[in-house]
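Colleague: Residues in the sequence shown are numbered consecutively from 1, following the UniProt record's numbering.
The C-beta atom is built at its ideal place from N, Cα and C for all residues, glycine as well.
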Amino acid sequence: MSLIVLPPDFKIISSLRYDPALVAVGKQGAAQSSTDPFSTPYYLLPYHQARLRNAATCFGWGKALAFLQQDTNQFAKYLDTFIPDDTKPWRLRIVMDKMGTCEVEINPTTLMDPLNLLLPSETSPQTTVWRVYIDSERIAPSVFTTHKTTARDFYTAARLRSGIVSLLEQAEVLLVNPAGELMEGSITTPYFRRRDLAEGEGGPAWITPPLSSGGNAGTTRHYALTEGFCMEHTIAATDLVDGEECWLSNSVRGFIRGKIAIEQASSLNKQHPQRHPSFSALLLPPLPPIYPVSIHQSSLYESSAIMKFFENVFTYDYSFPAVSLAYFLRYPNPYSRHVLTTDVIDRYVDPSTQRLHTTRLHLKKSKVPSGILKLLPKGIGGSDNSGQSYILETTIVDAKEGWMQTESRNMEWTGILSVVEKQFYQRQPLEGALDTLEGLSLDDKRSEQTTVRTTVTFRSRFGQGKLLGRKKAEPSSDHTGDYEEEAPKRGLFSSLSTAGIQRTIELIGLNRTRDAVLKSKQGMNVVLERLRSGGIVGVLEGMRQDREAVYGPEGGPWKRVWLTGNGHASIEDDDH
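#1: Would you mind listing the alpha helix (DSSP H) stretches within the segment 149-200 that are 4+ residues and don't spill past its ends, in chain order?
#2: Which first and last residues belong to the alpha helix (DSSP H) in which serine 324 is found?
#3: When the Cα atoms are used, what is the spatial distance from leucine 392 to methionine 524?
#4: For glycine 202, which three-state DSSP category applies?
#5: Do you know how far the Cα of tyrosine 316 is from the Cα of arginine 427?
#6: What do you get for residue 580, buried or exposed, if any count of 16 or more other CB atoms within 10 angstroms of its CB means buried?
#7: Between the C-alpha atoms of glycine 185 and threonine 208, what's the straight-line distance to the nearest angstrom?
#8: Do three or more CB pairs link the segment 412-420 to the segment 395-403 at distances below 8 Å?
#9: In whole angstroms, what is the alpha-carbon distance linking proline 210 and threonine 40?
#10: Are the beta-carbon atoms of tryptophan 247 and proline 120 separated by less than 8 Å?
#11: In or out: glutamate 172 buried (at least 16 other Cβ within 10 Å) or exposed?
#12: Give me the residue from Ser249, Gly258, Arg530, Arg93 with the minimum Cα distance to tryptophan 130.
#13: Once DSSP output is grouped into helix, strand and coil, what is the label at alanine 140?
#14: In chain order, which continuous runs of the alpha helix (DSSP H) of length 4 or greater are located wholly inside the segment 68-120?
#15: Is it the case that the Cβ atoms of threonine 109 and asparagine 216 are separated by a distance below 8 Å?
#16: Could you give the residue range of the beta strand (DSSP E) that holds tyrosine 425?
#17: Tell me, please, which residues DSSP counts as bridged to serine 15.
#18: What's the gap between the Cα of glutamate 485 and the Cα of arginine 461?
#19: Mind reading off the beta-carbon distance from aspartate 350 to threonine 359? Whole number of angstroms is fine, and I expect it under 8 Å.
#20: Tell me which residue opens and which closes the alpha helix (DSSP H) that leucine 45 is part of.
#21: With a 10 Å radius around its C-beta and 16 neighbouring C-beta atoms as the bar for buried, classify leucine 45 as buried or exposed.
#22: Measuring alpha carbon to alpha carbon, tell me which of Val132, Pro321, Arg17, Arg221 ends up nearest alanine 76.
#23: Cα separation between aspartate 97 and glycine 534?
#24: For asparagine 333 and leucine 118, what's the separation of their Cα atoms in angstroms?
#25: Counting C-beta neighbours from all protein chains within 10 Å, is the total for phenylalanine 10 16 or more, i.e. buried, or is it exposed?
#26: For a test of the three-state rule: what should DSSP assign to glycine 542, helix, strand or coil?
#27: Could you please give the first and the last residue of the uninterrupted alpha helix (DSSP H) stretch that includes threonine 220?
#28: Assuming alanine 224 and tyrosine 191 are in contact, meaning their beta carbons sit under 8 Å apart, how far apart are those beta carbons, in whole angstroms?
#29: Note the first and the last residue of the continuous beta strand (DSSP E) segment covering lysine 259.
#30: Residues in the same chain with beta-carbon distance under 8 Å from phenylalanine 255, minus the five sequence neighbours each way, listed in chain order, please.
#31: How many angstroms separate the CA atom of proline 178 from the CA atom of arginine 138?
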């Protein structure tokens with residue numbers, strides 16, 4: 001790997017499911033093999049260890065390889081130290097660097113039938129069917145497609161090209177190499193029925209692309225091959241048929257039914273060349289071109305490798321209309337007393353899509369964390385740390401389809417730490433649920449829940465550009481200038497590299513966000529319960545009580561956004 005230039009924070013990763021029901025289910029359904037993948041509550045843990053070892057070997061990371069050589073049971077005990085509650089399922093993301101440092105990110109995951117984690121059959125209890133698209137562009141195979149790493153921009157680009165804007169969407173896109181062969185899915189391994197299987201012939205009935213086509217050596221793929229569910233076979237993208245059934249798998253969701261959607265994708269592309277164009281500005285910065293490995297582009301992985309992120313999935317036991325309304329009515333509440341004011345900057349309904357677009361500005365009590373201030377040179381972040389900051393929030397609501405996309409970002413101190421929170425709310429129909437939300441009032445009964453996926457990214461640019469510079473003398477009318485590096489500082493600041501300070505700042509932000517996300521859920525549940533028990537009037541009365549509890553009868557800074565001309569309460573800015 002000496003010919004490939006890797007960014008300093010490039011890492012190898014593996015994601016898997018922790019489920020206490022796994023061991024019992026595995027004993028019922030798993031075939032005997034040399035290494036039992038169901039020996040722990042960690043789904044296919046031996047295969048994840050093997051995958052990480054192979055990646056460490058490929059990149060020549062001796063220290064990481066030494067850590068991964070430990071016994072699987074020892075590795076499981078190490079992972080146990082990160083599990084908050086061993087009676088619930090969790091999503092784990094194992095992240096390793098070249099020095100052998102192993103980080104484990106834990107997030108809640110939805111409950112599911114554990115039988116879906118076993119090999120599927122024609123009678124498997126699967127009712128959910130994912131739409132499966134074929135990427136319109138070609139991806140050059142490389143070590144970054146074979147091994148799972150933090151270099152994942154090309155997967156994101158493929159999903160966006162197919163109009164998949166959230167991990168909550170029940171949709172997948174298949175990657176295709178320059179030879180026109182299927183490689184893999186963006187987040188799953190695909191399986192297709194054998195074309196050459198004669199009647200009465202033995203052997204597996206399903207095939208999956210070989211690693212020689214350039215796809216990822218996935219753990220569920222390893223499991224399916226080892227247990228004889230499938231065999232490797234080259235699959236041309238042009239051989240797939242619209243409506244063809246397939247299976248998909250990954251180590252968090254297990255095995256999922258899929259159906260090829262060629263004509264649907266073609267029709268959508270003709271009608272809307274850029275599906276969900278309004279999401280492009282909300283989701284990601286412009287994506288760089290995807291180069292073959294031989295070009296050695298280290299900048300290709302910059303956006304995914306130098307940022308930290310926090311991801312969380314939560315399900316509200318309320319319908320989507322209630323949750324989306326509560327979102328706009330959530331300030332103030334007992335868990336958000338740091339929010340001073342909320343103003344609607346813009347609101348309109350797109351006539352072509354009937355989607356509601358809203359831009360709001362929140363003023364919050366917020367200081368630069370003391371842990372970050374200790375990392376900064378004297379004079380930066382101290383005297384003018386006013387204790388207030390603005391948060392810009394944009395939302396898109398599709399009431400007919402039952403989803404809402406939000407993005408919030410800080411407006412100050414973005415050079416020290418930029419925090420971007422993106423959420424995707426989606427209705428989750430239960431048995432007997434209505435097929436559509438159109439024409440229904442808020443009080444109509446529905447058998448549904450609402451799931452929200454929260455992703456928060458943290459990026460520090462501290463030490464880049466003029467933040468640490470001192471401007472040279474120049475005429476006051478000149479709006480340009482050069483910056484020279486300041487003299488080295490003493491103490492903690494001087495002992496850390498710029499990259500080290502950036503990572504530390506990002507980690508501090510990540511740790512604060514864990515608590516903030518929990519309080520946000522608690523606040524939403526308070527508003528939802530008020531809405532359920534007292535309707536809009538109950539929510540408004542709760543807002544008044546929360547406001548007075550903090551600021552007294554006068555209402556403090558909320559007064560100017562709460563009262564209009566004649567002094568009567570108004571919800572104009574938060575109603576939709």
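Modeller: Considering the structure as presented:
#1: 153-161
#2: 320-328
#3: 19 Å
#4: coil
#5: 10 Å
#6: The first residue shown for the chain is 1 and the last is 576, placing residue 580 beyond what the model contains.
#7: 11 Å
#8: no
#9: 28 Å
#10: yes
#11: buried
#12: Gly258
#13: coil
#14: 72-80
#15: no
#16: 418-429
#17: Arg93
#18: Residue placement at glutamate 485 cannot be trusted, given a pLDDT of 36 that sits under 50; what the coordinates show is reported in the next sentence. So the alpha carbons of these two residues sit roughly 15 Å apart.
#19: Wrong, their Cβ atoms sit about 13 Å apart, outside the cutoff.
#20: 45-58
#21: buried
#22: Arg17
#23: 52 Å
#24: 44 Å
#25: buried
#26: helix
#27: 219-226
#28: 7 Å
#29: 254-260
#30: Asn116, Leu117, Leu118, Leu119, Pro120, Ser124, Gln126, Thr220, Trp247, Leu248, Ser249
#31: 5 Å
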